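What follows is a short report on a single structure.
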Amino acid sequence: MIAEFKKIGNNINQIAKKCNQEKQAPQLEILVQMKSKMDLTLAKVLDEIKNKIKD
407 MIAEFKKIGN NINQIAKKCN QEKQAPQLEI LVQMKSKMDL TLAKVLDEIK
457 NKIKD
């Protein structure tokens with residue numbers, strides 16, 4: 407699962423770089439928001455896993 411998140415994150419980063427180069431600000435902003443939400447989701451999932459391991 408973590409590998410899939412990283413793969414998706416890398417894809418988003420590549421697309422964001424292209425949008426930035428092509429001066430496509432609205433699309434870039436959407437991608438940045440998506441990446442941020444995905445990172446938060448992954449952090450929450452990892453915290454949940456850590457807590458379950460501790461129990």
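Once you know that position 45 of the sequence shown is 451 in my numbering, the rest is easy, because the numbers rise by one and skip nothing. Glycine residues also receive a C-beta, built at the ideal position from the N, C-alpha and C atoms. The model shown is predicted, which means the values in this text are computed figures rather than measured ones.
Judged by DSSP secondary structure, Q420 falls within the alpha helix (DSSP H) whose first and last residues are 408-427. Of the residues D453, K441, K456, K424, the one whose Cα lies closest to the Cα of K413 is K441.
When the Cα atoms are used, A449 and E410 turn out to be separated by approximately 14 Å. Between A422 and L437 the beta-carbon gap is near 4 Å, inside 8 Å, which marks them as a contact.
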